[in-house]
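Be aware that the sequence shown starts at 87, since it is given in this note's numbering, and climbs by one per residue.
Single-structure report; data block below.
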Amino acid sequence: MKAVSHFRTLEEASALAAANKRVSNILAKATEPLNDIVHASVLKEAAEIELARHLVVLRDKLQPYFADGRYQEALIELAALRAPVDEFFENVMVNAEEKDIRINRLTLLSKLRELFLQVADISLLQ
C-alpha cells in the first residue's frame, strides 16, 4: 500500500494508470488465445519493438525487487515505461487485421499488465 501511495505522487502515475486501464479494457475484449511469449520476429512498428525491449530489460531488473518485497522501488522503475507506452498507443494499431500481428500485440500488452500486477493493479487508480 505504501508503494502505491508513493507511486501516486509521481508525475508518470496518472498516465500509466490510464494506460493500464486501457490495456485492461483491450485485453478484456480479446477473444483469441494469446501467445505465451512475445515473438520478436512479428514486431513491425518501432514503438512496439521499443516497448518490448523495455519490458524485457525491466522484467529482468525487477525480479530481485519483487523477490525482496521492494515494491516502491519497483514502481519507480516501472514509471520509466510511460514514454514507450504512450508511444505504443500513439503509433500502433493493436487490433491489426493480420492475426499473428494482432495476437502478438495483445500478448505484448498482457506482458506489460503482468509486470505491473506483480506490484498492484494501478489501473484502479483511475
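By construction, the Cβ of each residue, glycine as well, lies at the ideal position given by its N, Cα and C atoms.
These figures come from a predicted structure and were not determined experimentally.
Burial state of residue i (16 or more Cβ within 10 Å)
{"i": "Leu198", "result": "buried"}
{"i": "Arg191", "result": "buried"}
{"i": "Val142", "result": "exposed"}
{"i": "Ser209", "result": "Because Ser209 sits at a pLDDT of 48, beneath the cut-off of 50, its placement in the model cannot be relied upon, and the following sentence gives the value as read from the coordinates. Its Cβ being crowded by 16 or more others within 10 Å, Ser209 is buried."}
Check whether residue i and residue j have beta carbons under 7 Å apart
{"i": "Phe202", "j": "Asn106", "result": "yes"}
{"i": "Val109", "j": "Leu194", "result": "no"}
{"i": "Ile135", "j": "Leu129", "result": "yes"}
{"i": "Ala133", "j": "Val178", "result": "yes"}
{"i": "Leu120", "j": "Ser196", "result": "yes"}
Residue closest to residue i, alpha-carbon to alpha-carbon, out of the options
{"i": "Ala103", "options": "Asp186, Leu161, Asn190, Leu192", "result": "Leu161"}
{"i": "Ala238", "options": "Lys115, Ala138, Val205, Ala116", "result": "Shown here, the chain extends from 87 to 212; a query on residue 238 therefore has no answer."}
{"i": "Phe175", "options": "Ala114, Asn121, Glu131, Phe152", "result": "Glu131"}
{"i": "Gly155", "options": "Val205, Ala99, Ala101, Asn181", "result": "Val205"}
{"i": "Ala182", "options": "Ala99, Ser100, Ala116", "result": "Ala116"}
{"i": "Ala99", "options": "Glu163, Leu113, Glu173, Val180", "result": "Glu163"}
Supposed close pair residue i, residue j - CB separation, criterion 8 Å
{"i": "Ile187", "j": "Glu118", "result": "12 Å between Cβ atoms; not a contact."}
Taking 8 Å as the cut-off, does the region 121-141 touch the region 150-160 (at least 3 CB pairs, one atom from each stretch)? Contact between the region 150-160 and the region 121-141 is absent: fewer than 3 CB-CB pairs across the two stretches fall below 8 Å.
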